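In what follows, a structure is listed as C-alpha cells, so that the remarks can point back to it.
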C-alpha cells in the first residue's frame, strides 16, 4: 500500500465515522420523540395494549 493511499484511507474512515455518528444522533432524537409522543398519549388517557393483558 504505501503513503499514496493514506489520504483515501483516512477519508474513508472519516466518512464511515460521520455516517455512524449521524445514524446514532438520528436514533437518539427519534427515541426522544417517541417517548414524548407516548407521554402525550398517556396524558390524554390512552393506555398501552400490554397493560390490558
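Numbering (the working numbering), first residue to last: 201 to 253. Ideal placement from N, C-alpha and C gives every residue a C-beta, glycine not left out. This one's a predicted model, so the numbers in the text were calculated from it and none came from an experiment.
Margin query: If we require 4 or more residues per run, which alpha helix (DSSP H) segments fall completely within the region 202 to 246?
Written below: 206 to 243
Note to self: Which of the three DSSP states is assigned to residue 249 in this structure?
What the structure shows: The residue labelled residue 249 in the question sits at position 49 within the chain shown. Note: residue 249 maps to helix in three-state DSSP.
Note to self: Beta-carbon within less than 6 Å of residue 237's beta-carbon, same chain only, minus the 5 sequence neighbours each way: which residues are those?
What the structure shows: Here the question's residue 237 lines up with position 37 in the chain shown. Around residue 237: no qualifying Cβ.
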